[in-house]
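Encoded as C-alpha cells, the structure appears first; notes follow it.
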Amino acid sequence: MTLEEQLQTNLATGDEKHLTRRQMLRTLGEGAVAVTVGAAFVGTFASAGIRSTNADNYASTVPEGGANEAVTARAEAFNLAQVRLLEGPFQRAQERDGRYLLQLEPDRLLHNFRVNAGLTPKGPVYGGWESVEPWVSIRCQGHTLGHYLSACSLMFAATGDQRFQQRSHYIVMELRDCQQASKSGLVCAFPDGEAPLHDIVDAKRFVGVPWYTMHKIFAGLRDAYLYSNNRIALDVLLKLSDWAIAHTQKLSDQQFQRMLDTEHGGMNEVLADVYALTREPRFLTLAERFCHRALLNPLAQERDTLDGLHSNTQIPKVIGFSRLYELTGQTEYRTASRFFWRTVVDNRAFVTGGNGDREHFFPPKDFLQHLRSAKTMETCCTHNMLRLTRMLFALDPTADYADYYERALYNSILASQDPDSGMMTYFQPTRPGYLKLYCAPTDSFWCCTGTGMENHAKYGDSIYFHEANTLYVNLFIPSTLAWKAKGLTVTQTTRFPEQDRTRLQLTCPKPVNLTLNIRHPSWCQAVTITVNGRRWATSRQPGKYIAVNRLWHTGDTVEVVEGPEVEVVEGPAAPAAKGAKAPEKSGADAAGGHADPEGANVDNQHQGQGESDG
Ligand SMILES: [Zn+2]
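The opening residue of the sequence shown carries number 15 in my numbering; numbering runs sequentially from there.
Structure (C-alpha cells):
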C-alpha cells in the first residue's frame, strides 16, 4: 500500500476523530503507531522486541499513572470536534479567521521549503517575516507554514469543514516530498538552507532563532496528525525528530544548554509529545535536553528571576515543563510550571491578562511607568499563557485557572482580531488613547500573525472539561457539546457579557446521572442556579465551582444568573424528572476546592427535596 493509499484508508475510517488529543497520545503511545503507520516506520521503530524492552525499562522508572503518562490529569478537555460554536462574537471571529486561512495560498508558504529541497517552487514567496528585509536575519522563514498547518488542522476539527482538512493534507504531502528530496530528513525554509541549524548546533556564528522556527513546523505536523487525522504527518514529524537527535547528540550537556540561551520555542514540549506518541525513550531524552536549566532551576526552587527576560521565549519552555511533568512525574517540572504561572498571573500580568513591555518582563514595582507604553502585551504571550493555563487546569481543575483563562481570552485574544478585516494585533498597548495595529494579510507574517491564525480556530477547546461523571462549564460561550460517551448533548445559549446569564439545555435519550460543575466567576459576588425554572442554589463563593448533581433528562434546563443580588423569579414547575436525586455533597467534595452546596455561603433551595423536583 502506498502512503497515499494509507492516508486515504485512514481518512476513510476516521477512527480517531472522537478521541481527545490526550486520549490519542495515550492510545498511540501503547504501540498502535508502529502497527498502523506501516512501512514508513520500519526504519524508525526498530524491532518490536527492542522497542518493547526499552519501553518497559522506562515504564519501570516512573510512578504509576496512565498508560503512557506518569501523571493522570484529573480533567480532560473535549476534542474540538465535539464542540461547535453558536452565533456570537467567538463564532464570528472563527469565521473571519477561516476566511483568512482560505485566502492564503499554501504553495506560497511552501516556496522556500521546495527551494531548499531542490524542487521547483509552485508559487512566489510571501512577504513580511517570510522574506523581506530587515526581517531576513531573524530566520523565521517557514514559521508561518507551521502555524498555518496547525490552524487549518484545528479549524477542520472545530468546524468539520473539509476545505481546511484538504489544505492540511496538501501541506503534509508537500513536506513529505521535500523531506524525501532533501535526503537529510530536515525540512526548512531558511534562505541559507540547513546552515542556521548546523551553525547553532556547532556554536558557530549564526543569526536569528532557527529552533524557534523549527518548533512551529514540528508543532504543525503534530497538529495535522492529531486534528486532521493525517498519519503521514506523523511520519514526517518522526523523521524530523530523528534529524534533531542525530544533529545534537554530539553536544555535551553544557554545550546544549549554551545553545538554549537562544529562543527555541516549545521544542521540549513538542518532543515530549513525540515521545508520548511513540514511547521511544530517545525522544524523551531529547525533550529533556531541550529544557533550559537557566529557567527551570530557579523556577523549581520557586525563585522569580524573570525580570528583564524575553517573555515569549520563556512561556513555551514552561509549557514543555508541564508536559514533561505529565509524562515523567518529576516534581521539579510541576513546581516550575505552577510557580511560573502563579508569578506571571499574580505579579506580572496587566488587568487584561497580557504581560510584558517591548516583549520583556519588567520588575513588577515598575508597572506604573509601563502603562504609557505603546508596546505592551505581545499577543503571542497571551496565546501561550492560555495554553499553559488549560494544561495546568487539567492537572488541578480549580476555578483560578478558568478565571484567568476567561479574562485573557476576552480581553486579549478575542480583542486581538480586527472585527472588520480579521487581521491580528502584535502588541496590545496600555497607552491611553492609543491605537491597535493589525498585521497585513500577506506582508507581515509576524509571530502573532501565526499564533493569531490558531487562536480563533480553537475557542471550543476550553469551554467544557470533564472528569469521570463531572462536566465542568468554564466559559459562557454559545456552543453545543456532544458528549458521545455519555449520550449527552449540552446546548449553551447566552449573550454574555451583554447579558448576565447563560442557559444550558440538556438532551439525552437516556437519563444521565452527572454533576455539572458550573464556574462561579471571581468577578461576581453571587451566582444563582435554577434547574427547570426552580432555584437550585445561590453561591456566594466567587472563584469556586457550584456542583449541580442530579439525574438529567432530555429537556432539562439550567439557568446560571451572575449578579450581586439576583432575585430569581420562580418559574413554572417543570415536568417531573423521574429518579432525580437531591444534590450530593460528594460531588462537590470530590472536586476539591469547590463551593459546598450545603455550606454557609451557598443558599441551596433544593436541599432535602429528594425527588420532588418539579
Ligand atoms: Zn508574537
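Note that beta-carbon positions come from the ideal geometry of N, C-alpha and C, so glycine has one too.
What you are looking at is a predicted structure, and each value in this text was computed from that prediction instead of being measured.
- Between the alpha carbons of lysine 498 and asparagine 483 lies a distance of about 13 angstroms.
- A residue is called buried once 16 or more other Cβ atoms fall within 10 Å of its Cβ, and arginine 401 is buried on that count.
- Taking a contact to require three or more Cβ pairs closer than 8 angstroms, the stretch 325-333 and the stretch 361-373 qualify as touching.
- Histidine 278 sits in coil when the DSSP states are folded into three classes, being neither helix nor strand.
- Straight across, the Cα-Cα distance linking threonine 276 with isoleucine 152 is about 12 angstroms.
- In this chain, the alpha helix (DSSP H) harbouring tryptophan 355 covers 345-357.
- With a threshold of 16 other beta carbon atoms within 10 Å, leucine 124 meets it and is buried.
- Counting along the chain, the unbroken alpha helix (DSSP H) around glutamine 108 starts and ends at 103-117.
- The DSSP-derived three-state label of threonine 439 is strand.
- In this structure, ligand 1 has no non-hydrogen atom nearer than 7 angstroms to the beta-carbon of asparagine 469.
- Counting C-beta pairs with one atom in each stretch, the stretch 174-187 and the stretch 230-241 have three or more that are closer than 8 angstroms, which means they touch.
- The beta carbon of threonine 465 sits closer than 7 angstroms to at least one heavy atom of ligand 1.
- Contact between threonine 390 and histidine 384 holds, with the beta-carbon distance rounding to 6 angstroms and staying under 8 angstroms.
- For cysteine 462, the distance from the CB to the nearest heavy atom of ligand 1 is below 7 angstroms.
- Contact between arginine 533 and glutamate 573 does not hold, since their C-beta atoms are separated by about 15 angstroms, which reaches or exceeds 8 angstroms.
- By the beta-carbon neighbour count (other beta carbons within 10 angstroms, threshold 16), valine 541 is buried.
- Our two residues, threonine 134 and glutamine 513, have alpha carbons roughly 55 angstroms apart in a direct line.
- With respect to the 8 angstroms criterion, asparagine 93 and glycine 207 are not classified as neighbours on the basis of their beta carbons.
- Under DSSP, arginine 515 takes part in a beta bridge, and its partners are Val575.
- The closest heavy atom of ligand 1 lies less than 7 angstroms from the beta carbon of threonine 393.
- Secondary structure of tryptophan 497 (DSSP, three-state): strand.
- Three or more Cβ pairs closer than 8 angstroms define a contact, and the stretch 188-196 falls short of that threshold against the stretch 478-497.
- The three-state reading of DSSP puts leucine 99 in strand, counting E and B together.
- In this structure, alanine 308 lies away from threonine 349, with their beta-carbon atoms at least 8 angstroms apart.
- Here phenylalanine 459 has Tyr140, Gly142, Trp143, Glu144 and Thr158 as same chain residues with Cβ atoms under 7 angstroms from its own Cβ, once five neighbours each way along the sequence are excluded.
- Scanning the stretch 226-265 from its first residue to its last, no whole beta strand (DSSP E) run of 3-plus residues comes out.
- Note on valine 487: 16 or more other CB atoms within 10 angstroms of its CB, so buried under the neighbour-count rule.
- Collapsing the DSSP output to three states places threonine 552 in a strand.
- Taking 8 angstroms as the cut-off, the Cβ atoms of aspartate 417 and serine 536 count as close.
- Ranked by Cα distance from aspartate 216, the options Ala454, Leu274 and Val545 are led by Leu274.
- Comparing alpha-carbon positions, the option among Cys538, Asn527, Leu528 and Gln519 lying closest to asparagine 546 turns out to be Gln519.
- The C-alpha of arginine 554 is placed about 10 angstroms away from the C-alpha of glycine 577.
- Between leucine 485 and leucine 451, the CB-CB gap reaches or exceeds 8 angstroms.
- In this structure, the beta-carbon distance from alanine 107 to leucine 428 falls below 8 angstroms.
- Alanine 209 sits away from asparagine 126, with the two beta carbons spaced by 8 angstroms or more.
- For asparagine 93, the CB stays at least 7 angstroms from every heavy atom of ligand 1.
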